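Undergrad: Please find one structure pasted underneath; my questions will follow.
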C-alpha cells in the first residue's frame with residue numbers, strides 16, 4: 001500500500017520491482033546497456049563537438065542517468081495557513097454546531113477544500129450539549145400560518161441581506177481583511193496607497209476561487225478552475241499585495257515557502273522570452289528559406305529584421321504577447337503547480353555592438369510574469385538562460401556554435417559581463433516589492449563544466465553568489481535562493497561546495513533521450529527514474545543542501561520536430577550527425593492524436609516516477625507551440641499542458657508520492673544556515689580563498705592576464721520597474737514600485753571595454769588567439785589595477 005502521506009491520496013498499489021540501471025560516466029566509463037536493449041554507439045561524444053562532422057552539440061545533452069531522486073514527505077499546510085479551509089476554527093463555527101447528527105459517517109467528514117472567504121460545508125460533527133437549550137428558549141409560533149409567514153419573511157430578508165453583503169464583502173471587507181494578514185515582508189503587509197482597496201467606488205471583484213470569473217488587463221474574461229483550494233487576488237490599487245495562494249498545500253505569497261519541506265511542483269515557460277526552434281517552431285518555420293536560415297535566436301533576429309514587410313524584429317514582441325498569457329498562469333495553478341521557471345536572456349537588459357537581438361523588450365514581459373504570478377500565488381525561479389558569447393554553444397543560448405564564457409580568448413571578458421548582469425538582476429528581484437514572488441535565481445543555465453573546468457566554474461559561481469548576496473543581504477532570509485547548475489559534472493561533484501553558503505541550491509537537468517536509443521515500449525520505463533535519480537537526490541540534499549531538477553521531460557527518445565536543432569535529425573531514425581544505428585520511425589512517438597490508453601498510461605507512469613524521484617522539480621516545458629506547417633504540436637512528450645489536456649499527465653502532482661517505493665528518503669529540514677538562519681553566509685576563509693575570482697587560467701586560452709578584460713567604468717544598466725496607476729475618487733497617483741536597485745551601498749560601475757585596448761568579437765570561438773598587444777601602456781596599467789575585483793567591505797564576512 002502507498003504510505004500514509006498527507007500530500008497524496010492513499011492509493012493502493014503493488015510495489016514495482018526496482019531494476020538495476022547503472023549510469024556510465026559520460027566522460028570516463030564505457031557504455032552501459034539499457035535493460036531493454038539500449039546501447040551507446042562507441043563514437044558518441046556527448047559534450048564535445050563531433051570531430052568527424054564539426055557539428056555543435058544539441059540543445060539538451062545533460063547526463064542522462066544521474067544517480068538521484070527520492071521522496072520527501074511533509075505534513076499538509078492546509079491546517080496551518082490562514083487561508084484555505086481554515087481548519088482550526090471550523091469545528092467551532094455555527095455550521096458545525098447546527099449539524100445534529102450524533103454519529104457522523106465518513107461521507108459527512110468529507111469536504112472539498114475551498115478558498116478563503118468561501119463557506120465550508122458541515123463535517124457531520126454532533127451538536128454541542130447546550131444547543132437543545134437554545135432551541136427550547138426560542139420556540140417558534142404554534143400556528144402553522146405564523147410559521148409560514150415568518151419563514152417567508154425570513155427568506156425575503158436573507159435575499160435582501162445577501163444582495164447587499166455579497167458585493168460589499170468581495171470588494172471591501174475581504175480585501176481589507178486579507179491585507180491585514182501578517183506578511184513575511186513589507187510587500188504583502190499593507191496597501192500600496194491609502195486608497196488601494198477600491199477603484200473609484202466600483203464593485204469589481206479583486207479575489208476569487210474555483211469557478212470565479214477573471215477579467216484580464218485587456219478586458220477578456222475566463223473562468224478560473226482550481227480544485228485545490230487556490231484563489232487569485234488582484235487589486236489594481238494594491239498591486240504588490242501578496243495574499244494569493246496557488247493551492248491549499250502551498251503557502252500563500254505572504255508566508256514563507258519552506259525550502260526542503262514544502263515541495264516545488266514546477267514547470268518551465270520555455271520558448272517564451274528565450275526562443276528556440278523546437279519549443280516555438282512557427283517562429284522559425286517562416287525563415288527556413290531565408291538568408292540566414294533561422295536556427296537560433298541570433299539568425300532568427302537577423303531574418304526578422306530584414307523582413308520589414310512583416311513587422312521586422314518587432315515580430316518577437318508579438319510572440320511575447322501571445323505565446324504565454326495570464327490564463328497560462330491561472331491554468332498552471334489549477335494544475336497543482338506552484339512554481340514557474342522562466343528562462344531570461346541577457347538581452348533583456350542590454351545588447352552591445354553587433355548583437356542583433358531585440359534589446360530590453362523581454363524584460364517588459366518578465367514584469368508581466370511577476371504580476372501574473374503574484375495574482376495566482378505562484379513563485380518564480382528566474383533562470384539566466386543566455387549569456388554573452390554563449391555558455392554552452394547551444395541554440396537556446398542565443399547563438400548556435402562555440403562556447404565563449406570561461407572558454408577561449410574572450411572567455412574571461414564574457415564572464416565579467418555575465419556576472420554584471422547577474423548583479424543587475426539580483427538588485428531588482430531583491431527589492432521588497434518582488435522578493436516574495438521571485439524566490440529563486442538560476443544564475444547560469446547549463447554551463448559546460450567538462451569544457452571550462454570545475455575550478456574555473458566554481459570561482460565564477462562564488463563571485464556571482466557574492467553579487468547576489470550583496471544585493472539581498474546575508475542571513476536575513478530576504479532575497480532569492482541562488483541556484484547553481486551542476487555543469488553536467490554530476491551532483492556528487494558538488495557535495496560540500498561553499499559550506500555555510502546562504503540560500504544556495506543545486507540544479508540538475510535529467511534527460512534520458514539524448515544518449516542511446518531503444519524501441520522498448522513506454523511501459524518499460526515505469527521505474528527507470530526511481531533507479532536512475534532517486535538516491536542521488538537523497539544524497540545531495542544532505543551533502544550539498546537544497547537540490548532541484550530545473551529541467552526534465554517525458555521523452556525517452558529524441559524524436560520530435562527540431563528537438564536536437566534545426567536540420568540535425570534524430571538518433572532514433574539514424575539521421576543525427578555521426579554514426580547512429582536506425583532504431584525505427586519516430587511517428588509512433590510523435591503521433592499523439594493516435595496514442596492509445598496503454599501509451600498514455602506508460603507516459604503517466606514515467607511522469608509520476610520522475611516527480612517522486614526528483615522531489616523538487618520543473619518540467620520542461622509548459623507549452624510546445626504548434627507547427628505552422630502541420631498545425632499541431634510535433635514534440636508532444638515535452639508539453640505539460642498537452643499532457644493534461646489529453647490524459648498522460650497527472651491532474652494532481654501529489655499523486656506521484658510513493659511511486660518510487662522502498663527509497664532511502666531524505667528527511668527534512670535543511671540545515672538552518674542553508675535557508676538564511678544561524679551561520680548563513682559564514683563561508684570559511686580557506687574555502688572562499690581557494691575559489692577567489694578570477695581564475696588564473698581560462699580554458700583553451702591560457703593565463704587570464706594575457707586575455708582581453710573589462711573594467712568597472714561604465715554606467716550600470718539598471719532594470720526599470722513596472723508602472724501602476726492608483727485611483728481613488730478624483731485622485732490619481734503612481735504606485736511606488738522600487739527603483740531597480742535594492743542595495744544603495746553597491747555603487748560599483750558596470751564592466752565595459754577600455755577605449756585603447758583591443759577586443760575580439762564576444763562570439764569569436766576558442767580557436768582565435770588574443771590580440772597582441774592587448775592595450776597601450778597606460779591602459780594596461782589601468783587594467784591591471786582593477787584585477788581582481790575588490791570585494792566590498794560589506795561582503796568580507798563571506799571570506
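In full-length UniProt numbering, the protein residues as written are 1 to 799. Cβ coordinates follow ideal geometry from the N, Cα and C atoms, glycine included. Quantities reported herein were computed from a predicted structural model and do not represent experimental measurements.
Taking the alpha-carbon positions, what's the residue 418 to residue 350 distance?
TA: The straight-line gap from Cα to Cα measures roughly 11 Å.
Undergrad: In whole angstroms, give me the CA-to-CA distance for residue 301 and residue 566.
TA: Answer to the nearest angstrom: the Cα atoms are 16 Å apart.
Undergrad: Between residue 613 and residue 537, how many whole angstroms is the CB-CB distance? I'm expecting something under 8 Å.
TA: 7 Å between Cβ atoms; contact.
Undergrad: Please give the ranges of any beta strand (DSSP E) in the region 443-511, keeping only runs that are unbroken, at least 3 residues long and fully inside the region.
TA: Whole beta strand (DSSP E) segments, 3+ residues: 481-485, 504-510.
Undergrad: Using 10 angstroms around the beta-carbon of residue 128, count the other beta-carbons present and answer buried if the total reaches 16, otherwise exposed.
TA: Caution applies to residue 128, whose pLDDT of 39 falls short of 50 and renders its modelled position unreliable; the model cannot decide the point.
Undergrad: For the structure I just gave you, are there three or more beta carbon pairs, one from the region 594-602 and one from the region 514-527, closer than 8 Å?
TA: A contact exists between the region 594-602 and the region 514-527.
Undergrad: Could you tell me the distance, in whole angstroms, from the CA atom of residue 721 to the CA atom of residue 577?
TA: Distance between the alpha carbons of residue 721 and residue 577 is about 46 Å.
Undergrad: Does the pairing of the region 495-508 with the region 674-687 give three or more beta-carbon distances under 8 Å?
TA: In short, these stretches touch, since the Cβ pair count reaches three.
Undergrad: What is the rounded straight-line gap between the Cα of residue 446 and the Cα of residue 406?
TA: Taking the straight line from one Cα to the other gives about 13 Å.
Undergrad: For the beta strand (DSSP E) containing residue 379, list its first residue and its last residue.
TA: Run containing residue 379: 379-386, per the beta strand (DSSP E) assignment.
Undergrad: Where does residue 747 sit, in a helix, a strand or coil, going by DSSP?
TA: Coil.
Undergrad: Keeping to the same chain, check which residues put their C-beta closer than 8 Å to that of residue 347; ignore five residues upstream and five downstream.
TA: Correct list, in chain order: 355, 357, 358, 359, 360, 362, 386, 398.
Undergrad: For residue 548, which of helix, strand or coil comes out of DSSP?
TA: In the structure shown, residue 548 sits in a strand (DSSP, three-state: E or B).
Undergrad: With residue 393 and residue 403 assumed to form a contact (beta carbons below 8 Å), what rounded beta-carbon distance in angstroms separates them?
TA: Correct: roughly 5 Å between the Cβ atoms.
Undergrad: Kindly indicate which residue of 630, 618, 486, 641 has the alpha-carbon position closest to the one of residue 624.
TA: Nearest C-alpha to residue 624: 641.
Undergrad: Buried or exposed: residue 426, going by 16 or more other Cβ atoms within 10 Å of its Cβ?
TA: With 16 or more Cβ atoms within 10 Å of its Cβ, residue 426 is classed as buried.
Undergrad: Whole angstroms are fine: how far does the CA of residue 660 sit from the CA of residue 670?
TA: Approximately 22 Å, taken between the alpha carbons.
Undergrad: Which value, in whole angstroms, describes the spacing of the CA atoms of residue 222 and residue 267?
TA: The straight-line gap from Cα to Cα measures roughly 22 Å.
Undergrad: Assign residue 663 to buried or exposed, taking buried as 16 or more other Cβ atoms, counted over all protein chains shown, within 10 Å of its Cβ.
TA: Its Cβ being crowded by 16 or more others within 10 Å, residue 663 is buried.
Undergrad: My assumption, with CB atoms under 8 Å, is that residue 370 sits in contact with residue 719. Please give the rounded CB distance.
TA: That belief does not hold up - the Cβ atoms of residue 370 and residue 719 are roughly 11 Å apart, past 8 Å.
Undergrad: Between 762, 226, 764, 758, which has its C-alpha nearest residue 773's C-alpha?
TA: Nearest of 762, 226, 764, 758 to residue 773, Cα basis: 758.
Undergrad: Could you pull the DSSP bridge partners for residue 712 from this structure?
TA: Answer is 751.
Undergrad: Would you say the region 410-417 touches the region 511-519, given that touching needs at least three Cβ pairs under 8 Å?
TA: Touching, no.
Undergrad: Does the distance from the C-beta atom of residue 693 to that of residue 463 stay below 8 Å?
TA: Result yes, Cβ atoms of residue 693 and residue 463 sit closer than 8 Å.
Undergrad: When the Cα atoms are used, what is the spatial distance from residue 672 to residue 615?
TA: Taking the straight line joining both Cα atoms gives about 20 Å.
Undergrad: Do residue 481 and residue 440 come within 8 Å of each other at the CB atom, strictly closer than that value?
TA: In this structure, residue 481 lies closer than 8 Å to residue 440 by Cβ.
Undergrad: Could you pull the DSSP bridge partners for residue 232 from this structure?
TA: 208, per the DSSP bridge assignment.
Undergrad: Specify the secondary structure class of residue 738 as computed by DSSP and reduced to three states.
TA: Residue 738: coil per DSSP, three-state reduction.
Undergrad: Helix, strand or coil: how does DSSP classify residue 757 here?
TA: In this structure, residue 757 counts as strand in the three-state DSSP scheme.
Undergrad: For a cutoff of 8 Å on Cβ pairs, would you count residue 612 as touching chain D?
TA: No chain D appears in this structure, which consists of one protein chain only.
Undergrad: Decide yes or no for the touch test of the region 695-706 against the region 465-473: beta carbon pairs closer than 8 Å, at least 3 of them.
TA: Counting Cβ pairs under 8 Å, fewer than three are found: no touch.
Undergrad: Measuring only the C-alpha atoms, how far is residue 251 from residue 493?
TA: Cα to Cα, the separation comes out at about 33 Å.
Undergrad: Whole angstroms are fine: how far does the CA of residue 560 sit from the CA of residue 295?
TA: Each residue's alpha carbon lies about 16 Å from the other.
Undergrad: Take residue 271 and list the residues in its own chain whose beta-carbon comes closer than 6 Å to its own, dropping the five residues that flank it on each side.
TA: Taken in chain order, the residues that qualify are 279, 280.
Undergrad: Are the Cβ atoms of residue 611 and residue 656 separated by less than 8 Å?
TA: Yes. Within cutoff.
Undergrad: Rounding to the nearest angstrom, what Cα-Cα distance links residue 384 and residue 442 in this structure?
TA: Whole-angstrom Cα-Cα distance: 6 Å.
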